[in-house]
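Participant: Can you keep this structure in mind? I'll have questions shortly.
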Amino acid sequence: MISPKEDPAGFWRSYAQSIGETVLGFCLARYVRGWKGFDAPLWGLFIAASGGARFHHFPHEGWFDALSRTASGKEAPREKTFFIPKERLLGAAFRMEKIWWKRLVFAPPPLITVRYRDESGGEAEAVMETGKEAEPLALIISALASGGALPPSSTLIAEP
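My numbering puts the first residue of the sequence shown at 3, with every later residue one more than the last.
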């Protein structure tokens, strides 16, 4: 699909072309729960695009994993993605401990929670652990969900 040796701008141009949407924002995230058929935990990119929100896990394995997988006959890791079209998005929230000393000692990592309508029309939510840089992503996804204007902090990453 996309070469890992590509420069970041080239990667995002290729990614935008492959999904056929404009990439509005992204962050590194650890999927926790909320999407049928996905096992947690799973690291990947959480992406806000013009058509909705997506989580994309890129496969990886070290040499030791590859040797043990080959010896046991297991299959190689594969890419995994989920996509929530903007028509099914209900909103997003970013939660991070605000008190500095609690962040140092007790707090879990920041969370981004995306509320959406599942296939049956019921309300569901996908939860990812992330960093503080994901806060603008929650605003972008909420704007997509409401059909409103994108927040001024959002920047266009790449167009298809």
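Beta carbons: idealized from backbone N, C-alpha and C, even for Gly.
1. Check whether the region 30-38 and the region 9-16 are in contact - that is, three or more C-beta pairs closer than 8 Å.
2. Who are the Cβ neighbours of L141 in its own chain at under 6 Å, not counting the five residues just before and after it?
3. Considering only residues of the region 9-93, which uninterrupted alpha helix (DSSP H) runs meet the minimum length of 4 residues and lie entirely inside it, listed in chain order?
4. Give every residue of the same chain whose Cβ lies closer than 8 Å to the Cβ of F60, excluding the five residues on either side of it in the sequence, and list them in chain order.
5. With a threshold of 16 other CB atoms inside 10 Å of the CB of P112, please say whether the residue is buried or exposed.
6. Are the CB atoms of A151 and V116 within a distance shorter than 8 Å?
7. Nearest CA to the CA of P43: which residue from R90, F108, H58 and P87?
8. Opposite A126 in the DSSP bridges: which residues?
9. With a cut-off of 8 Å on the beta carbons, I'd call G54 and L146 a contact; round off their distance for me.
10. On a Cα-Cα basis, can you pick out the residue from R90, A128, K88 and E135 that is closest to M98?
Facilitator: Per the coordinate set shown:
1. no
2. P153
3. 10-21 and 65-74
4. G46, L47 and E81
5. buried
6. no
7. H58
8. Y118
9. 7 Å
10. E135
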